[in-house]
Amino acid sequence: MTYLQAVVIALVQGVTELFPVSSLGHSVLIPAWIGGSWQTLVTQSSEQSSESSFYLAYIVALHCATALALMWFFRADWVRIIRGFFRSLPATVRLSLGHRRLRLSVADKDERLAWMIIFATIPVGLTGALLEHTFRTLFAKPGAAAVLLFINGLILLGAEALRRSALRRKQAGTAAAGREDLAFAPAAAQRTAAAAPGYPGSPSDGHPGAPGVRQPASHRRSVGGREVTDIDAAEQSDARLARLSYADGIWIGATQILALLAGISRSGVTMAGGLWRGLDHEDAARFAFLLATPVILAAGVLKVPSLLGPAGAHIHGQVVVGVIVCGIAAYLSVRFLVRWFQTRTLTPFAIYCLAFGALSIIRFL
Numbered sequence: 000m001t002y003l004q005a006v007v008i009a010l011v012q013g014v015t016e017l018f019p020v021s022s023l024g025h026s027v028l029i030p031a032w033i034g035g036s037w038q039t040l041v042t043q044s045s046e047q048s049s050e051s052s053f054y055l056a057y058i059v060a061l062h063c064a065t066a067l068a069l070m071w072f073f074r075a076d077w078v079r080i081i082r083g084f085f086r087s088l089p090a091t092v093r094l095s096l097g098h099r100r101l102r103l104s105v106a107d108k109d110e111r112l113a114w115m116i117i118f119a120t121i122p123v124g125l126t127g128a129l130l131e132h133t134f135r136t137l138f139a140k141p142g143a144a145a146v147l148l149f150i151n152g153l154i155l156l157g158a159e160a161l162r163r164s165a166l167r168r169k170q171a172g173t174a175a176a177g178r179e180d181l182a183f184a185p186a187a188a189q190r191t192a193a194a195a196p197g198y199p200g201s202p203s204d205g206h207p208g209a210p211g212v213r214q215p216a217s218h219r220r221s222v223g224g225r226e227v228t229d230i231d232a233a234e235q236s237d238a239r240l241a242r243l244s245y246a247d248g249i250w251i252g253a254t255q256i257l258a259l260l261a262g263i264s265r266s267g268v269t270m271a272g273g274l275w276r277g278l279d280h281e282d283a284a285r286f287a288f289l290l291a292t293p294v295i296l297a298a299g300v301l302k303v304p305s306l307l308g309p310a311g312a313h314i315h316g317q318v319v320v321g322v323i324v325c326g327i328a329a330y331l332s333v334r335f336l337v338r339w340f341q342t343r344t345l346t347p348f349a350i351y352c353l354a355f356g357a358l359s360i361i362r363f364l
């Protein structure tokens, strides 16, 4: 692998891992389109033994770089969530032992979100451990990746169609209810506000001295390149995510299983699952990034030993350069996407996947 190849693949990985367009699919299709010596990389990606594939060893290193970029960008959020887990764990253990079955002790949004991320990660973790090798050897080929990338575009379009349909039904129901209850609207609004679900320590908890009461913006600093308003918006998003049922969280997390197929995007299908379960684009994107972090990191760390074996023997320099390039690209990508999904949709990415997938189908099938 040349340094040029290492830089190009690192850029592709850093961007496409977080954009809903499939990093694994692009790591197969881009070298196949270029051809020549790049074609070797495609052959390497579907080798039976991952321990002997220098390309897979390199992709493993890039996965670690992407996960670290995500952790750095969301580090303030992860500190809250991890603290929430360790606050909840002792009480959960005592409660579960007392009832002789799992019973969660959850007091705030961070504790609930921590458990939700754990439960939502289990399906893809187990499936990846059992079937990753099979999926890679069968589907990490240009023709298959092209078809799956096209399907990824259809999934994104389908998610947007379901979201629009749900919004229309909700708006129609709201309008009908508003006409019927117009005379009682003020009292109903007060009761709804009083009964709205919340968690202690959330930004909506306005009790004096509560942990969730935010300091004035002028007294707070940005974190990781994120503005104070973005950090506050993230906490508000977590409060909304914490209102999901655990079953919904598990269903959304399970959609990541499809991303084991080259051409299906992890962030894309997870966002589609979130939209399907009623989240808006901003919350669905945030949940997708939070769910992706432990999965990507675990997939990389578990296979890091391959870099120390024969597969990584002659690419140590390329790995160092690639990790730096990929990490920067991933960090800039997540910054862009967090802002994008505050006001925009998956549709442009769906169109891209359909177009590139169709062209690749024509080229490789």
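Numbering-wise (numbering that gives the first Met the number 0), the sequence shown opens with residue 0 and increments by one. A virtual CB, placed ideally from N, CA and C, is assigned to each residue, including glycine. In this text, all values refer to a predicted model and were calculated from it rather than measured experimentally.
Taking the C-alpha atoms as reference points, what is the distance between residue i and residue j?
i      : j      : result
Ile251 : Pro304 : 31 Å
Met115 : Arg99  : 21 Å
Asn151 : Val318 : 29 Å
Arg362 : Pro141 : 9 Å
Trp32  : Trp275 : 34 Å
Ala68  : Leu289 : 12 Å
Asp229 : Ser22  : 27 Å
Gly124 : Gly248 : 15 Å
Leu161 : Ala139 : 30 Å
Ile314 : Val6   : 12 Å
Val20  : Ile256 : 15 Å
Ala357 : Val14  : 21 Å
Leu55  : Met0   : 12 Å
Thr398 : Arg242 : Because the chain spans 0 through 364 in this model, residue 398 falls outside it and cannot be assessed.
Val105 : Gln341 : 29 Å
Arg74  : Ala66  : 11 Å
Ala64  : Ile327 : 9 Å
Arg343 : Phe18  : 13 Å
Phe72  : Ser332 : 11 Å
Asp103 : Ala171 : Here the sequence assigns Leu to residue 103, which means Asp is not the residue at that position. Each residue's alpha carbon lies about 37 Å from the other.
Val294 : Arg168 : 35 Å
Gly316 : Ile323 : 11 Å
Going along the chain, which residues of its own chain have a beta-carbon closer than 6 Å to the beta-carbon of residue i, five neighbours each way excluded?
i      : result
Ser359 : Leu28, Ala145
Ala233 : Asp76
His132 : none
Asp109 : Arg79, Ile80, Gly83
Gln12  : Ser22, Leu61, Cys325
Ala349 : Gly152, Leu155, Leu156
Rounded to whole angstroms, how far is the Cβ of residue i from the Cβ of residue j, which I believe are closer than 8 Å?
i      : j      : result
Phe118 : Tyr245 : 6 Å
Ala9   : Gly321 : 4 Å
Leu112 : Asp237 : 6 Å
Thr292 : Gly272 : Wrong, their Cβ atoms sit about 17 Å apart, outside the cutoff.
Glu16  : Ala329 : 6 Å
Leu147 : Gly24  : 6 Å
Arg239 : Asp282 : 5 Å
Grab me the residues of residue i's own chain with a C-beta within less than 7 Å of its C-beta, minus the 5 sequence neighbours each way, in chain order.
i      : result
Pro30  : Trp37, Gln38, Leu40, Val41
Ala192 : Caution applies to Ala192, whose pLDDT of 43 falls short of 50 and renders its modelled position unreliable; the model cannot decide the point.
Met70  : Trp77, Thr292
Leu306 : Ala56, Val59, Ala60, Val318
From the beta carbon of residue i, is the nearest beta carbon of chain D less than 7 Å away?
i      : result
Arg338 : The structure shown contains no chain D; it is built from a single protein chain.
Ignore the nearest five residues each way along the sequence and tell me which others in residue i's own chain have a CB closer than 8 Å to its CB.
i      : result
Ile129 : Per the sequence shown, residue 129 should be read as Leu rather than Ile. So the list is empty, once near-sequence residues are dropped.
Thr367 : The chain is shown from 0 up to 364; residue 367 falls before or after that span and cannot be answered.
Thr346 : Leu155, Leu156, Glu159
- Task: Go through the segment 54-126 residue by residue and report every complete run of the alpha helix (DSSP H) that reaches 4 residues or more, in order.
- Result: List check, alpha helix (DSSP H) in window: 74-98.
- Task: Decide if the segment 249-262 is in contact with the segment 85-95; the criterion is three or more beta carbon pairs, one per stretch, under 8 Å apart.
- Result: The way I'd put it, the segment 249-262 doesn't touch the segment 85-95; fewer than three beta-carbon pairs between them come closer than 8 Å.
- Message: Is it the case that the segment 50-59 contacts the segment 94-103, given that we only count it when at least three CB pairs across the two stretches are under 8 Å?
- Response: Contact fails: fewer than three Cβ-Cβ distances are below 8 Å.
- Message: Could you tell me which whole beta strand (DSSP E) segments of length 3 or greater appear in the segment 228-309?
- Response: Runs of the beta strand (DSSP E) inside the segment 228-309: none found.
- Message: Quick check: the segment 268-285 against the segment 295-302, are at least 3 beta-carbon pairs closer than 8 Å?
- Response: Using a C-beta cut-off of 8 Å, the segment 295-302 makes no contact with the segment 268-285, since fewer than three inter-stretch Cβ pairs fall below that distance.
- Item | Segments assigned beta strand (DSSP E), at least 3 residues, entirely inside the segment 146-180 | Scanning the segment 146-180 for uninterrupted beta strand (DSSP E) segments of 3 residues or longer gives nothing; none is fully contained.
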